[in-house]
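Quick notes on the structure that follows.
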Amino acid sequence: MGLQSVEQKIAEELGVREGQVKAAVTLLDEGSTVPFIARYRKEVTGMLDDAQLRTLEERLRYLRELTERRAAVLESIRNQGKLTEALEAQVLAADTKSRLEDIYLPFKQKRRTKAQIAREAGLEPLADGLFNDPNTEPLAAAAVFVDAEKGVADAQAALDGARSILVERFAEDADLIGELREKMWGQGRLASKVRAGKDVDGAKFSDYFEFSEPFTKMPSHRILAMFRGEKEDILDITIEAEEPSDEPQVGPSDYEVRIAHKFGIAAKGRPGDKWLTDTVRWAWRTKILLHLGIDLRMRLRQSAEDEAVRVFASNLRDLLLAAPAGTRATMGLDPGFRTGVKVAVVDATGKVVATEVIYPHQPQNQWDRSLAVLGKLAAEHKVDLISIGNGTASRETDKLAIDLIKALPDLKLTKTIVSEAGASVYSASAFASAELPDMDVSLRGAVSIARRLQDPLAELVKIDPKSIGVGQYQHDLSEVSLSRSLDAVVEDCVNAVGVDVNTASAPLLTRVSGITTGLAENIVGHRDEHGPFRSRTALKEVARLGPKAFEQCAGFLRIPGGDDPLDSSSVHPEAYPVVRRIMTAIGTDLPGLIGNSRALQTVKPDQFVDDKFGLPTVTDILAELEKPGRDPRPAFKTATFAEGVDKIGDLKPGMRLEGVVTNVAAFGAFIDVGVHQDGLAHVSALSKNFVKDPREVVKPGDIVKVKVLEVDTVRKRISLTLRLDDEPGAAQPRTGGGQSGGGRPQQGGQRKPQGQGRGAGSRSSAAPAPTGSLADALRKAGFGK
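Take the sequence shown: its position 423, counting from 1, is numbered 435 in my numbering, and each next residue is one higher.
Right under this line is the structure:
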């Protein structure tokens, strides 16, 4: 397959014109990034968006690898002197790697097989004779080929050798193997059972101690769970070619029938028919089934990995594009029991102004003293927000924050729980050491928790995406495919939002289109030495930032308050002349143009189209001028929890509440309604319409209105619905095995999602009630003097 056909195939898959694909491929090959192409080369690609371009990029990589492999296969067969025109046509027509390998299998160098030994013994004519003429009596025909010197001791040995030749021939027929593989994929099952004596050690895999499910119905997490159970020597996994039956099989299987039909073998009472049908059965059971079993295990794992990577990428995108609280003084609380709650206060710019460690929980139980310390810090540094990590002791620390807010109403504090995924990784990283060199490692996590509320994107890019831990079975996934996918998500998110070049860290700059790690460090170094950049043009003074890098990055870098107001917008410098022409046409200066919706709405975009800038770019420019520097992320807001509803016992069926989505699983959404225990809105309760993927309706961080359907205070289960006209008391569906992670669901299916704090909702470890006057404790700590 040449490059032309690669582009044509991608165009067919994407449902776009071949010319669009060609243009995109050329740009990618020239070093352009997907964000740059999607944003600034719309005319060139015919408006391909970032999702199409990511798919195109992945398929281009796959098909080019296929082309390279195809060339190697042709060369190998040619060197063997076995390449015919028909075979070459087959190889050139192979459109998948598996199909190509099926064709190449008979020609692949391998260890000496029984079939090869039989051929060397001169038994191929016997195999051909029996195959071509079923009227031949096998034992009589085989007697002629007995030759002790060649290792053929008797007629039966000759027949065994002939059978080996035919078995290999059947098993290496590319068309047949492809057909049987697809049939087995559609009808087969993955089965597992516990290994002897592993019942106790492997309790977490108990769902799979006696399990079987069709390949096509298995969700990703279940496949990965079973393979992990096998890897840990808990489970034995088998591939079943078809659904098991209580009735014993009579006669050949469907697969054997297809093999026999393919080669014209049939039981018609002729002398050689039984030997040939036995050969078919032998080929299926000893060779083809084994081969397809290996193939389908790989296919299952690949499909599971692809879905797991997709889920991971979706979760990561939600975290990165969460609403930023912005430039507000924030207190970060990294919860803990024995080791205490680590506290860090950062000012509006993210600069650390105070740190502390408090011990409000067991075993120290210094509740009042902890409140006093927090109150003093909040007042001294004019704290506006409290950011609480969602790990161990999160709910108990949330209660501490509630008491602080109630005790000090004049401060008007707002609290929220954030994902602390990856905070510990950041704390021990080289970048954290350079950024916070004199700070104890344990306190750096609290700094990260505070900053990720101010700007989650800017903070989370400091962490390897794989370490953020929002995926399922991520350690079982392909390192290359996971990294490639997650890096693409980070790149897309960073460039969609844009980056202030005068405040961005090196890790954040590295994610900007066209900026390498070395170049990011050069930008920061230039900024430190010469002061803030006053214009985008000044970026050209940075060492090693050449014309290509400037083209790729300039539109995504922002310079608020610089010499040119356009430098704080997403308008690319190359398009500034278009803006000047629009200014002239309207008869105003730049300050009079930017944000002037009335004037901009009178502009007809087609009047400013020229050879370089088409209608899509002009339209984008006008939209940006109307709302310059707009952030695609949602506005920051927190849920308003109902007063007097502080614990699960306060909930009553029928209550309507506001809550925040904390996690989304395949079976529904977990929602915090302010009672220290997330409720579950089952996927069937998210919308009046059918919902296949809960993410179609909600994502983490969303503020939603819910109704309480059922409350089980003993088991701490809360059933919620987003369908506010639902009546309490209706039977709620169980999650079954659908939750991410593949573990055994608890009764009712409300299993704690990954990332929720251990101890969340467990009141046994809650802080004790204050033993003295809170006001007295605050005064003793110096607060309010």
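Beta carbons: idealized from backbone N, C-alpha and C, even for Gly.
**Same chain, Cβ closer than 7 Å to Leu328, neighbours up to 5 away in sequence not counted** = Pro477, Ile480, Val482, Leu498 and Val501
**Request:** List the DSSP bridge partners of Glu252.
**Result:** Arg201
**Asked** Which same chain residues, not among the five before or five after Pro372, have their C-beta less than 7 Å away from its C-beta?
**Response** Val353, Gln378, Trp379, Ser382, Leu412 and Ala779
**Message:** Measuring only the C-alpha atoms, how far is Lys120 from Glu225?
**Reply:** 34 Å
**Buried or exposed by the 16-neighbour rule on C-beta atoms within 10 Å, applied to Glu87** = exposed
**Nearest candidate by alpha-carbon position, reference Pro336, set Gln619, Met230, Phe648 and Val33** = Phe648
**Pair within 9 Å by beta-carbon distance, Arg282 and Pro146** = yes
**Prompt:** Among the residues of its own chain, which have a CB less than 6 Å from the CB of Gln768, if the five just before and after it don't count?
**Reply:** Only weak support exists for where Gln768 lies, its pLDDT of 35 falling under 50; the value from the coordinates is given anyway. For Gln768, where only same-chain residues beyond five positions count, there are no Cβ hits under 6 Å.
**Message:** Please list the terminal residues of the continuous alpha helix (DSSP H) segment that includes Phe143.
**Reply:** Glu136 to Asn144
**Asked** Does the beta-carbon distance from Glu586 to Ala561 come in below 9 Å?
**Response** no
**Asked** Within this structure, are the beta carbons of Leu605 and Leu637 separated by less than 9 Å?
**Response** yes
**Between the CA atoms of Val673 and Arg293 - distance to the nearest angstrom** = 56 Å
**Request:** List the endpoints of the continuous beta strand (DSSP E) containing Met595.
**Result:** Met595 -> not in any beta strand (DSSP E); alpha helix (DSSP H) instead, spanning Tyr588 to Ile598.
**Request:** Keeping to the same chain, check which residues put their C-beta closer than 6 Å to that of Phe275; ignore five residues upstream and five downstream.
**Result:** none
**Other residues of its chain near Ser228: CB distance less than 6 Å, five sequence neighbours each side excluded** = Here the sequence assigns Thr to residue 228, which means Ser is not the residue at that position. Cβ within range, chain order: n/a, list empty.
**Item:** Spatially closest choice to Ala334 from Ile22, Arg645 and Lys659, by CA coordinates
**Value:** Arg645
**Request:** From the DSSP output, in three-state form, read off His538 for me.
**Result:** helix
**Message:** If I measure Cβ to Cβ from Leu188 and keep anything under 6 Å in the same chain, skipping five residues before and after, which residues do I get?
**Reply:** Lys274
**Item:** Cutoff 8 Å; reference Lys280; Cβ partners in own chain excluding five residues on either side
**Value:** Pro146
**Asked** When the Cα atoms are used, what is the spatial distance from Pro150 to Glu252?
**Response** 33 Å
**Item:** Beta-bridge pairing of Ile683 - partner residues as DSSP gives them
**Value:** Val673 and Gly691
**Item:** As assigned by DSSP and simplified to three states, the class of Leu416
**Value:** helix
**Request:** Please name the residue, chosen from Val395, Ala325 and Asp422, that lies closest to Asp359 on a Cα-to-Cα basis.
**Result:** Val395
**Asked** Going by beta carbon distance, what residues of the same chain come within less than 6 Å of Arg207, once the five residues before and after it are set aside?
**Response** Asp248
**Prompt:** When we look at the beta-carbon of Asp415 and count the other beta-carbons within 10 Å, is it buried (16 or more) or exposed?
**Reply:** buried
**Asked** In terms of residues, what are the limits of the beta strand (DSSP E) holding Met343?
**Response** Thr342 to Asp346
**Prompt:** Which whole runs of the alpha helix (DSSP H) in the segment 472-552 are 4 residues long or more, in chain order?
**Reply:** 491-509, 518-522 and 529-542
**Item:** Whether Leu860 touches Leu312 by CB criterion (9 Å)
**Value:** The requested residue 860 is not part of the displayed model; the chain covers only 13 to 797.
**Asked** What whole-angstrom Cβ distance do Val343 and Val365 have, given they're in contact under 8 Å?
**Response** According to the sequence provided, residue 343 is Met. The question's Val does not apply to it. Actually they do not touch by this definition, with Cβ atoms about 10 Å apart.
**Message:** As a quick exercise: from Ala36, Gly457, Gly43 and Thr652, pick the residue whose alpha carbon is nearest that of Glu432.
**Reply:** Gly457
**Prompt:** Closest by CA to Val703, which one among Val355, Thr725, Asp684 and Leu734?
**Reply:** Leu734
**Item:** Sheet register partners of Leu397 (DSSP bridge)
**Value:** Thr342 and Thr426
**DSSP bridge partner residues for Ala405 (one or two, in chain order)** = DSSP lists no partner for Ala405.
**Asked** How many Å lie between Asp705 and Val695 at the Cα?
**Response** 8 Å
**Request:** Provide the residue(s) that pair with Val723 in DSSP beta bridges, ordered along the chain.
**Result:** Ile730
**Request:** May I ask which residues mark the beginning and end of the alpha helix (DSSP H) holding Ser232?
**Result:** Ser232 to Lys243
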